[in-house]
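Everything on this sheet refers to the single structure shown next.
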Ligand code: SF4
Ligand code: SF4
């Protein structure tokens, strides 16, 4: 099929993503990509504006509502930023419990994306539920892993969506040793299932693609990054302190999106999320996760966005192993929280949401009132990189018919598990061919 | 068409948490999918079939002119319309704009506010169209959601009590954090449904399920004062996820304006 005319392809509501948006691409008669837009049309909700005037202690509960899919990421980045502003570090078992809660979110979110949102693309179904007709065992396995993640969040955080137990300084109540120990068998069962999932997804067919962007992920010492860290790692030969984030990352507004676009200071697009984490930190994976990655054919780096489903499956194994390690070593702290008396200042917090790096910055007054808030969510950071990937795919596959090309573009977007609700919010796909 | 009842899920301004609750029904999801046809549910499927729908679940609040029109179409297409969560029943956290200047908010977040189309107020679905049932919570409770779906499929009213969180503490055997520890708690005026999670975690309820039926907020405001809470803090505890619900809104205003409280 040849197209000697201009082509416009458009998808109205991108499915199996969180939040609302569209895609719109246009190719000229020569096959050049004229436009490739990821349009985030989710209505803005103005969190940064109404956080001003609230108490610093309210930020974890309020910012959780940015996103129902990764509320813990919001709670953790907010807590770290507030503690940073007040000059307090939360360490020891309280920090481990935070990581444990966050593992629950990784397990839940990754299992949801891998089995219900992403796998149907590889096997050709409209949904995970349709896929269950012929792949019942795989979907049931995914639901069981997901349920374990949710149960872990409820155990540590009170509930799976918008946990209530998190506060600046720690938790309202900490679990007993036996409460956690009782949960370990469920996690061990989930570990077996998660390993099966790695093998399952490794067998899919992956279109060739290579993400050429810069990669950005939190650096958390010798640990694979989840719940905080010493700073930010990049593949550009430099790292930087969390407090310097805004000297390295710049956001600007584009007319077609309610999410801001981010780029590095030198103008390059970058990617955050599983591919970045894995490529920068794969050496820090735990035993089963590392072995599973190798068995699934992953090298030390993975830059094919379609293979992000394997990385998510491997990270699920990792999060379960981490959860088991934390539970095994757990000693209840003396108090559920450390005191965080307010003082005037600025604080920064950064953690790894399942979809990538989430940065918060707050200015607070001496009495703890927030005077300014800034939130940079992962999908907004990835938006420019996703558009660049669309351009490359469109040029490489322009011989495809409209339906196939539209499909491929939608898949390219879903590779990143974009969370439109988080970014300000998601996506309709418009592929123009006139 | 399959002859099964047709379910549709729609999203307006929200965090996706309430519709995610449906996917979080891990044990029931596949069985549900066997008994009804999922005609529209963007977060879960590419399938998007036109109405009419037997049951529409709506998450989120109305914040743009386009959404104010879209909800009319959803209503026209749906036999039963059930709205989910604080966003859909009370305007949600984004209704905090109702108490400020939305223009100023846009300027805080966006360099080019003129690109952004938004309404001054974030409003509940029932402010726009008639709704058949309002399920509360931020997020909603999974068990209550299943009850609502099964009730509508069976043609009966859902059994969702509208008493307060206090009843759930008693039912669960949780010690009252307000009486025992003097912890400020909105439980007495907050709609039941969560199972009293916060008191069970030694935390006062912060009202995420919104007002219970006929809540005695003046009495609670007096109690919070006696417990030493500063007035601006008391006003703020009513201004979170259900800030625009009439009862919580009035309670916050009564603290802002002490004359009103004397009258109440
Ligand atoms: S009510 Fe709460 S959980 Fe539900 S969509 Fe709104 S913000 Fe999310
Ligand atoms: S106790 Fe109150 S704030 Fe906590 S979950 Fe229940 S309704 Fe929400």
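Chains as they are written, first to last, in the working numbering: chain A, 3 to 436; chain B, 825 to 1088. Note that the Cβ used here is the ideal one computed from N, Cα and C, for glycine as well. As the structure is a prediction and not an experimental result, all values here were calculated from the model.
- At a cut-off of 8 Å between beta-carbon atoms, residue 148 of chain A makes contact with chain B.
- When CB distances to chain A are screened at a threshold of 8 Å, the residues of the stretch 868-886 of chain B falling below it are 868, 869, 870, 871 and 872, in chain order.
- Between ligand 2 and residue 1008 of chain B, a heavy atom-to-CB distance of less than 7 Å is absent.
- When Cβ-Cβ separations below 8 Å define contact, residue 968 of chain B makes no contact with chain A.
- Shown here for residue 378 of chain A: same chain residues with a beta carbon closer than 6 Å to its own, the five before and five after excluded, namely 361 in chain order.
- Counting other Cβ atoms within 10 Å of its Cβ, residue 144 of chain A reaches 16 or more and is therefore classed as buried.
- In this structure residue 163 of chain A does not touch residue 111 of chain A by the C-beta definition: roughly 11 Å separates them, more than the 8 Å allowed.
- In this structure, residue 179 of chain A lies away from residue 167 of chain A, with their beta-carbon atoms at least 8 Å apart.
- Taking 9 Å as the cut-off between beta carbons, the residues of the stretch 169-194 of chain A near chain B are 169, 173, 174 and 175, in sequence order.
- Between ligand 1 and the CB of residue 917 of chain B, the shortest heavy atom gap is smaller than 7 Å.
- Distance from the C-beta of residue 962 of chain B to the nearest heavy atom of ligand 1 is below 7 Å.
- The C-beta of residue 183 of chain A has fewer than 16 other C-beta atoms within 10 Å across all chains shown, which makes the residue exposed.
- Inclusion of residue 321 of chain A and residue 108 of chain A in the CB contact set at 8 Å is warranted, their separation being smaller than that value.
- Between residue 347 of chain A and residue 82 of chain A, the alpha-carbon positions lie close to 14 Å from each other.
- Interface criterion not met: the Cβ of residue 282 of chain A is under 8 Å from no Cβ in chain B.
- Sixteen is the threshold: since fewer than 16 other Cβ atoms of the shown chains lie within 10 Å of the Cβ of residue 212 of chain A, the residue is exposed.
- With a threshold of 8 Å between beta carbons, residue 308 of chain A makes no contact with chain B.
- In this structure, DSSP gives residue 836 of chain B a state outside helix and strand, which the three-state scheme calls coil.
- Beta bridge pairing from DSSP links residue 349 of chain A with A/364.
- Residues of the stretch 59-81 of chain A that bring their beta carbon within less than 7 Å of a beta carbon in chain B comprise 63, 64, 67, 68, 69, 70 and 71, in sequence order.
- Non-local C-beta neighbours of residue 62 of chain A in its own chain, meaning closer than 7 Å and more than five positions away in sequence, comprise 77, 80, 81, 168, 169 and 170, ordered along the chain.
- One alpha carbon belongs to residue 53 of chain A, the other to residue 404 of chain A, and they sit about 45 Å apart.
- Ligand 1 has no heavy atom closer than 7 Å to the beta-carbon of residue 945 of chain B.
- In this structure residue 232 of chain A is exposed. Its beta-carbon is surrounded by fewer than 16 other beta-carbon atoms within 10 angstroms.
- Here residue 187 of chain A is not near residue 158 of chain A, since their CB atoms are 8 Å or more apart.
- Around the beta carbon of residue 834 of chain B, 16 or more other beta carbons lie within 10 angstroms, which makes this residue buried.
- For residue 267 of chain A, the closest of A/282, A/250, A/392 and A/275 by C-alpha to C-alpha distance is A/250.
- Nearest Cα to residue 388 of chain A within the set A/56, A/199, A/246 and A/306: A/306.
- For residue 252 of chain A, the uninterrupted beta strand (DSSP E) run begins and ends at 251-254, by DSSP.
- Taking a C-beta cut-off of 7 Å against chain A, the contacting residues of the stretch 898-923 of chain B are 917, 918, 920 and 921, listed in chain order.
- Residues of the stretch 330-364 of chain A that bring their beta carbon within less than 9 Å of a beta carbon in chain B comprise 338, in sequence order.
- Taking the Cβ atoms as the reference, residue 1010 of chain B lies roughly 7 Å from residue 1028 of chain B, within the contact range of under 8 Å.
- When the five nearest sequence neighbours on each side are left out, the beta carbons in the same chain lying within less than 6 Å of the beta carbon of residue 902 of chain B are those of 877 and 880, in order along the chain.
- Contacts with chain A at 8 Å (Cβ-Cβ) do not include residue 1035 of chain B.
- Counting only residues of its own chain and dropping the five nearest sequence neighbours on each side, residue 368 of chain A has a CB closer than 8 Å to the CB of 344, 345 and 346.
- Boundaries of the beta strand (DSSP E) harbouring residue 882 of chain B: 877-883, taken from the DSSP string.
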